[in-house]
Amino acid sequence: MRGGGRAFALAGMAAVAGACAPPEAVAPRPAAPLRETGQVAQSRTPKQDLRLIPAEAYLRTYLRLFGGLSPAEVERRARGDDKAALFDAWEDYLTALGLPDHGLDLPRGTQTNALMMAAFERLGIALCDRALEHDLKASAPVPIERRLIFAFDLPAEDLDAAAFAPRFDVLHRTFLSYPARLAPPDREAKFFALYQGTVARHRAKGAPKSRFSPGEAGWAAVCYGLVRHPEFHLY
Numbered sequence: 001m002r003g004g005g006r007a008f009a010l011a012g013m014a015a016v017a018g019a020c021a022p023p024e025a026v027a028p029r030p031a032a033p034l035r036e037t038g039q040v041a042q043s044r045t046p047k048q049d050l051r052l053i054p055a056e057a058y059l060r061t062y063l064r065l066f067g068g069l070s071p072a073e074v075e076r077r078a079r080g081d082d083k084a085a086l087f088d089a090w091e092d093y094l095t096a097l098g099l100p101d102h103g104l105d106l107p108r109g110t111q112t113n114a115l116m117m118a119a120f121e122r123l124g125i126a127l128c129d130r131a132l133e134h135d136l137k138a139s140a141p142v143p144i145e146r147r148l149i150f151a152f153d154l155p156a157e158d159l160d161a162a163a164f165a166p167r168f169d170v171l172h173r174t175f176l177s178y179p180a181r182l183a184p185p186d187r188e189a190k191f192f193a194l195y196q197g198t199v200a201r202h203r204a205k206g207a208p209k210s211r212f213s214p215g216e217a218g219w220a221a222v223c224y225g226l227v228r229h230p231e232f233h234l235y
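First residue of the sequence shown: 1, per this note's numbering; consecutive thereafter.
And the structure:
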């Protein structure tokens, strides 16, 4: 008992001494490199094809760009009263846009085709032209915050690249949903060349008569290009 008590006391003293001792410092060491067991080539093949946006999503976008109107009101505004034949009726385009027609046993379209591209073309031109008429050619100036697409003013003088850039950014954000500065570096320059070429053709002697001024026609052409852009239709 006496020996056991002495051992117990020594163990207690050792524990107390250890608890009061300074913490042990462990010096960091570089990790040993892992041994290479093999190499695998990185695959850069596409893992998933681009998919067509469902027709319902495109139609919702189209209605929103027209100011959040009902389909019937959009049809009336797109057709207009000037007999420009920009738009007919929704029923003429729904199947072409990819919606199924159960009456004719036509399935939903999952891939683009020539008829679908023609329908997109007609809808895009109708949107751009009618929006330009609403935003820039109204008898009473429309406040910028109430404009549909062209939420900027057109200066009386010709636009240079510096004046074109912020206005193009407005349209780029509207249709493609991100700033133009994040797009491929040459995109803005290509659209500026499109704008300049359109303005020059409308000013040329003997040019066909247009209801748009040269500057307005230039912005309509930029709008056509963005509403046709693959990033607007695919994801």
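Note that the Cβ used here is the ideal one computed from N, Cα and C, for glycine as well.
Computed from a predicted model, the values in this text were never measured in an experiment.
Query	Result
Expected contact under 8 Å - CB spacing of A180 and H172 to nearest Å	4 Å
Cβ neighbour criterion (16 or more within 10 Å) applied to M117	exposed
Proximity of D101 and T110 at Cβ, strictly below 9 Å	no
Bridge-paired residues (DSSP) for D101	L106
Proximity of L258 and F66 at Cβ, strictly below 9 Å	Nothing about residue 258 can be read from this structure; the chain reaches only from 1 to 235.
Span separating the alpha-carbon of A165 from that of E188	7 Å
Contact the stretch 25-38 vs the stretch 200-208: 3+ CB pairs below 8 Å	no
CB of L97 within 9 Å of CB of A119, strictly	yes
H229 beta carbon less than 9 Å from that of L159	no
CB of V222 within 9 Å of CB of Y195, strictly	yes
Chain C contact for M116 (CB, 9 Å cutoff)	The structure shown has no chain C; it contains just one protein chain.
Assigned secondary structure, L94 (DSSP; H/G/I helix, E/B strand, else coil)	coil
Top-ranked residue by Cα proximity to V74, from R130, P184, W219	R130
Candidates A138, R167, E157, S139, of which the one nearest A239 by Cα	Lying before the first or after the last residue shown, residue 239 is absent from the chain, which here runs from 1 to 235.
CB-CB length for L132 against A220, believed under 8 Å	5 Å
H233 and Y58 closer than 9 Å at C-beta	yes
Element boundaries [alpha helix (DSSP H), containing E24]	E24 -> no alpha helix (DSSP H), and no H or E assigned at all.
Whole-angstrom C-beta distance between G124 and V240, which should lie under 8 Å	As displayed, the chain neither begins before 1 nor continues past 235, which places residue 240 out of reach and without an answer.
For H134, the first and last residue of its enclosing alpha helix (DSSP H)	114-136
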